[in-house]
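Undergrad: Please see the structure below; I have some questions.
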Ligand code: NAD
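Numbering (my numbering), first residue to last: 794 to 1220.
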């Protein structure tokens, strides 16, 4: 495709009807992908054994997860095609559908509190914790120098030490003095960076206070790295006031009942973790941070909030800590993660973070809308029926036919898929 024909809009109609190689072409043209990235996307099992063997211990194989592209996303005025790695059906479609319904009203707008991570140093056996806390706080300049000397590359990129906090935490094992070093890790997720600083600093803290340091590790409750996204869905776009009000009721249920909130937030993480995984970032770090943040008031609550605007439209917002990077960990070494990041065209870790937050909000919109109207199963079942057909042993055209039959019979389960396949083959 020539430059002037490159589609710069994320609204690619009929994308799902294209063959896989045609989709790769469209995405590559949209993002202007280099040939090596384009080739990498076309490899179904795309990680070299030698590389995999060096990424983790005792490697025996790899497991491939499908990567889909969410269309229709517009984030801070820019159209983006978003790669999502997930084994669950309906997740990619849910994001594209939600994004389509708010595209005309501007898509998603985002903001961030910063790119600062916290590392904790635990100090024990302190008879006078109040005094120890002040002893540490008095050393702020020295601490800044020690931390920054650990990572001249980061400091050269404008990152490094930013702040010092010392907290007293009462536990059944006594009062502990917990030092937080706050470090701007820029385009890195930052775990290794801040862990190194905490380990380097700990002996000094022990010496200054006369106590014993134990754990030295980052906190995944990255509340200095909070991202927010918001979007407005017009009442017309979502199907009227009844749908809107039902969605508000669904949200209130989640925000006030932890049993519901857990599932509501799981849906949000369906979207968020899929992009985190596709980009080679640490899904567990993001998930633990999100859930800890959801419980920060002492009650586990919704990560999103929903309200009706003065004009009667539906406004949604999401806010959560999101520690992802463009360098470090697997991000720079996994060739598929690099190719997928190239599709996103994120220049900074903050760009990536903002897109991921928008995906979380979009996912939540679709899940709540489905639950509050027709129920989740209808949309879910078409692909689920195909998975059951595969599991029953269907191949080629049999897959679609078996799925169609069990949906028509309204018995979408493994036994029905087996029977439908046997009948089909018997014909
Ligand atoms: P890293 O140490 O591999 O890379 C970060 C370093 O890259 C920085 O310290 C800096 O020196 C350098 N760098 C180069 N260009 C940079 C730029 N533009 N911006 C910032 N730094 C730049 O990785 P990391 O991000 O410190 O750590 C991430 C890894 O740590 C992930 O693999 C994660 O799974 C793992 N990890 C996580 C936890 C946890 O979440 N609890 C704990 C330990 C390790």
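The C-beta atom is built at its ideal place from N, Cα and C for all residues, glycine as well.
Looking only at its own chain, which residues have a Cβ that is under 8 Å from the Cβ of residue 1006, when we skip the five neighbours before and after it?
TA: 914, 915, 916, 917, 995, 996, 998 and 999, listed in sequence order.
Undergrad: Measuring only from the beta carbon, is residue 986 closer than 7 Å to any heavy atom that is part of the ligand NAD?
TA: Checking every heavy atom of the ligand NAD against the Cβ of residue 986, one is found closer than 7 Å.
Undergrad: State the DSSP-derived secondary structure class of residue 911, mapped to helix, strand or coil.
TA: It is a strand residue.
Undergrad: Helix or strand or just coil, what does DSSP make of residue 836?
TA: Here residue 836 sits in coil by DSSP.
Undergrad: Who are the near neighbours of residue 1063 in its chain, counting only those whose CB is closer than 6 Å to its CB and skipping five residues on each side?
TA: Excluding sequence neighbours, residue 1063 sits near 884 and 1156.
Undergrad: Nearest-angstrom Cα distance between residue 1051 and residue 1106?
TA: Distance between the alpha carbons of residue 1051 and residue 1106: 27 Å.
Undergrad: From the DSSP output, in three-state form, read off residue 1114 for me.
TA: Three-state DSSP puts residue 1114 in a strand.
Undergrad: Within 10 Å of its beta-carbon, does residue 966 have 16 or more other beta-carbons around it, so buried, or fewer, so exposed?
TA: So residue 966 ends up on the exposed side.
Undergrad: Just mark residue 1103 as buried or exposed, buried being the case when its beta carbon has 16 or more other beta carbons within 10 Å.
TA: With fewer than 16 Cβ atoms within 10 Å of its Cβ, residue 1103 is classed as exposed.
Undergrad: So is the beta-carbon of residue 979 under 7 Å away from any non-hydrogen atom of the ligand NAD?
TA: Residue 979 Cβ: within cutoff of the ligand NAD.
Undergrad: When the Cα of residue 976 is compared with those of 947, 993 and 992, which residue comes out closest?
TA: Minimum Cα distance to residue 976 is reached at 947.
Undergrad: Going by DSSP, what residue range makes up the beta strand (DSSP E) through residue 1084?
TA: No beta strand (DSSP E) contains residue 1084, which is instead part of the alpha helix (DSSP H) from 1076-1087.
Undergrad: I need the boundaries of the alpha helix (DSSP H) containing residue 982, first residue and last residue.
TA: Residue 982 -> no alpha helix (DSSP H), and no H or E assigned at all.
Undergrad: Apart from the five residues on each side of it in sequence, which residues of its chain come closer than 8 Å, Cβ to Cβ, to residue 933?
TA: The answer, listed in chain order, is 957.
Undergrad: Using alpha carbons as the reference points, say which of 1110, 1215 and 1122 lies closest to residue 1147.
TA: It is 1110.
Undergrad: Give me the DSSP bridge partner(s) of residue 1222.
TA: The structure shown does not extend to residue 1222, since the chain is modelled only from 794 through 1220, so no value can be given for it.
Undergrad: Roughly how many whole angstroms lie between the Cα atoms of residue 910 and residue 810?
TA: C-alpha separation (whole angstroms): 42 Å.
Undergrad: Does residue 1202 pass the burial test, meaning 16 or more other C-beta atoms within 10 Å, or should it be called exposed?
TA: Classification of residue 1202: exposed, given that the 10 Å Cβ count is below 16.
Undergrad: Measuring straight from C-alpha to C-alpha, what distance separates residue 798 and residue 825?
TA: Because residue 798 sits at a pLDDT of 48, beneath the cut-off of 50, its placement in the model cannot be relied upon, and the following sentence gives the value as read from the coordinates. Rounded to the nearest angstrom, the two C-alpha atoms are 11 Å apart.
Undergrad: According to DSSP, simplified to helix, strand and coil, what is residue 1008?
TA: Strand at residue 1008.
Undergrad: Counting only the same chain and skipping the five closest in sequence on each side, list residues whose C-beta sits under 7 Å from that of residue 908.
TA: Cβ neighbours of residue 908 beyond the five flanking positions: 977, 978, 979, 1018, 1142 and 1143.
Undergrad: Does the beta-carbon distance from residue 816 to residue 808 come in below 8 Å?
TA: Yes.
Undergrad: Classify residue 1057 as buried or exposed, calling it buried when 16 or more other Cβ atoms lie within 10 Å of its own Cβ.
TA: Per the 10 Å Cβ criterion, buried.
Undergrad: Roughly how many whole angstroms lie between the Cα atoms of residue 1004 and residue 921?
TA: So the alpha carbons of these two residues sit roughly 10 Å apart.
Undergrad: Report the three-state DSSP secondary structure of residue 960 (helix, strand or coil).
TA: In the structure shown, residue 960 sits in a strand (DSSP, three-state: E or B).
Undergrad: Is the number of C-beta pairs between the region 1066-1084 and the region 1190-1201 that are closer than 8 Å three or more?
TA: The answer is no - the region 1190-1201 does not touch the region 1066-1084, with fewer than three Cβ pairs under 8 Å.
Undergrad: Can you tell me whether residue 1117 sits near the ligand NAD, meaning its C-beta is under 7 Å from at least one heavy atom of the ligand?
TA: Outside the cutoff, so no.
Undergrad: Short of 6 Å in beta carbon distance, which residues of its chain neighbour residue 1093, apart from the five on each side in sequence? Order them along the chain.
TA: Same-chain partners within the cutoff: 1051, 1054 and 1087.
Undergrad: How about residue 844 and residue 862: are their beta carbons less than 8 Å apart?
TA: Cβ atoms of residue 844 and residue 862: not closer than 8 Å.
Undergrad: Just to confirm my understanding: we take residue 796, look at its own chain, exclude 5 residues before and 5 after, and list those with CB closer than 7 Å. What are they?
TA: Residue confidence for residue 796 is low, a pLDDT of 46 falling below 50, so the modelled location carries little weight and cannot support an answer.
Undergrad: Flag residue 946 as yes when its Cβ comes closer than 7 Å to any non-hydrogen atom of the ligand NAD, and as no otherwise.
TA: Result yes, Cβ under 7 Å from the ligand NAD.
Undergrad: Does DSSP put residue 942 in a helix, in a strand, or in coil?
TA: Reduced to three states, the DSSP call for residue 942 is helix.
Undergrad: So for residue 1050, helix, strand or coil by DSSP?
TA: If DSSP states are grouped into helix, strand and coil, residue 1050 belongs with coil.
Undergrad: Roughly how many whole angstroms lie between the Cα atoms of residue 1206 and residue 991?
TA: Rounded to whole angstroms, residue 1206 to residue 991 spans 52 Å at the Cα level.
Undergrad: I believe residue 1145 touches residue 1139 by the beta-carbon criterion, under 8 Å. Please report the beta-carbon distance rounded to the nearest angstrom.
TA: Going by Cβ atoms, the distance from residue 1145 to residue 1139 rounds to 4 Å, so yes, they are a contact pair.
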